[in-house]
Amino acid sequence: MPGATQAFPRRPGRRAAALASAPIRVIIAPAMSATVTSTGNAGVVLRTPRACVCVDVFWDRDRAGYGAPPAPAEDPAADCILVTHAHWDHFAPDRVARAAAGRKAAVIGPAGVTRALRGAVPAESLVTLEPARGASETAAFPWGRVTCIRTHHGEAHNSYLIEADGFRVFHDGDNEDARLLDAAVIAPLDALFLCPWQGSGWEDCVVRLAPRRWFLIHLYEEEIAAHRAGRFLAELTDRVPAVAPIIALAPGESCELAPAGEEVPGQGDAQ
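As numbered in our numbering, residues 64 to 334 make up the sequence shown, in order.
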């Protein structure tokens, strides 16, 4: 959010050459499953056979009275910590420092995030990624890689493509302009974490990215309930993307990501 005290941008009513010369990208299908777990707000834990990657998990719970659902009490043991931006509902420096100490996790974020962690997290564990608007930068790890894409929200905001043990997961944080997302770079996706912000162009973005699963993030408790009743997105737009399933996890809830090629439930089976 554009400041520690600013309210969330709301949704409507509540608150969007020749073939031979073309590059060939090889996607290695995972042999095992992975899980994603919500920790409230935009927090997501991705667990694969070799890694635990946390995105916006370690936020300031003491300021959660604005209406977001409570986060699970136990912090995950992270191998890699990603922070989209420095706003309090995505980033609490003390919690990130404690979490990073457990497994000497790498911490990736824009300069405002890594600067706030200097002295609390070893310098070799801090990875500053802050590409130009619309550009990307990549950090490699034994289990895969993280590609940071500069997107629009406040002074510095990263969206992240996580490639871990063959799974491809994209977390869009608080990006206010989904039109910035290039499907040629990001797709295919096993999971997309994206909030339908008003005016962000999310409908067309979801169609372009065509994820195997779309997870709604940054929802209030009543919005999660409305989605499960089939109302939430239908009340925002008459162009609900025909992707399946569309899932809203409550804090502490998990979903298994099956390997590519296995059947994915239909939209009517979404949580």
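All residues carry an ideal CB built from backbone N, CA and C; glycine is no exception.
Keep in mind that this is a model prediction, so the values were computed, not measured.
Reduced DSSP secondary structure (H/G/I, E/B, other) of residue i
{"i": "G264", "result": "coil"}
{"i": "E53", "result": "With the chain covering 64 to 334 only, the question about residue 53 has no answer from this structure."}
{"i": "F230", "result": "strand"}
{"i": "I249", "result": "helix"}
{"i": "S84", "result": "Caution applies to S84, whose pLDDT of 42 falls short of 50 and renders its modelled position unreliable; the model cannot decide the point."}
{"i": "L243", "result": "helix"}
{"i": "A70", "result": "Any reading at A70 needs caution, since the residue's pLDDT is 36, under 50, leaving its predicted position unreliable; the model's value is listed next. A70: coil per DSSP, three-state reduction."}
{"i": "G293", "result": "coil"}
{"i": "I310", "result": "strand"}
{"i": "V269", "result": "helix"}
{"i": "I280", "result": "coil"}
{"i": "A321", "result": "coil"}
{"i": "L299", "result": "helix"}
{"i": "A149", "result": "coil"}
{"i": "A169", "result": "strand"}
Distance between beta carbons of residue j and residue i, contact taken as under 8 Å
{"i": "P259", "j": "L299", "result": "6 Å"}
{"i": "A241", "j": "C211", "result": "A241 to C211, Cβ: 16 Å. No contact."}
{"i": "R166", "j": "A141", "result": "6 Å"}
{"i": "D157", "j": "W122", "result": "Contact doesn't hold; Cβ gap of about 11 Å is too wide."}
{"i": "V159", "j": "L180", "result": "6 Å"}
{"i": "A311", "j": "H290", "result": "4 Å"}
{"i": "H148", "j": "A202", "result": "Not quite, the Cβ-Cβ distance comes to about 17 Å (not below 8 Å), so this is no contact."}
{"i": "S188", "j": "A168", "result": "7 Å"}
{"i": "P314", "j": "G103", "result": "4 Å"}
Given residue i as reference, the closest of the options once Cα atoms are compared
{"i": "V232", "options": "M95, V118, R113 and T102", "result": "V118"}
{"i": "E226", "options": "L252, D235, T214 and E218", "result": "L252"}
{"i": "R213", "options": "S199, L224, P205 and G207", "result": "S199"}
{"i": "S343", "options": "W265, A114, F256 and L296", "result": "Here the chain has residues from 64 to 334 only, and residue 343 is not among them."}
{"i": "E137", "options": "A168, R161 and W151", "result": "R161"}
{"i": "D228", "options": "R291, R276 and L109", "result": "L109"}
{"i": "G236", "options": "I280, A203, E266 and W206", "result": "I280"}
{"i": "L244", "options": "P205, F295, R196 and F230", "result": "R196"}
{"i": "A155", "options": "R124, E239, N238 and F230", "result": "R124"}
{"i": "V116", "options": "G106, C318, C143 and T98", "result": "C143"}
{"i": "P185", "options": "G172, A164 and N238", "result": "A164"}
{"i": "A250", "options": "G264, S263 and W277", "result": "W277"}
{"i": "R113", "options": "F204, L145, G293 and A105", "result": "F204"}
Extent of the continuous alpha helix (DSSP H) run through residue i
{"i": "E200", "result": "E200 -> not in any alpha helix (DSSP H); beta strand (DSSP E) instead, spanning S199 to F204."}
{"i": "T177", "result": "A174 to A179"}
{"i": "A114", "result": "That residue, A114, is in no alpha helix (DSSP H); its beta strand (DSSP E) goes A114 to V118."}
{"i": "V159", "result": "P156 to R166"}
Beta-bridge partners of residue i, as assigned by DSSP
{"i": "G106", "result": "G103"}
{"i": "A254", "result": "V232"}
{"i": "S96", "result": "Per DSSP, none; premise fails for S96."}
{"i": "I287", "result": "DSSP, once it has assigned bridges, lists no residue as partnering I287."}
beta-carbon residue i near the ligand MN non-hydrogen atom, thresh 7 Å
{"i": "V159", "result": "Looking at this structure, you won't find the ligand MN or any other ligand, since it has none at all."}
Limits of the beta strand (DSSP E) - the one that residue i falls within
{"i": "G236", "result": "Neither: G236 is in no beta strand (DSSP E) and is coded neither H nor E."}
{"i": "C211", "result": "G207 to T214"}
{"i": "C143", "result": "C143 to L145"}
{"i": "L189", "result": "L189 to T191"}
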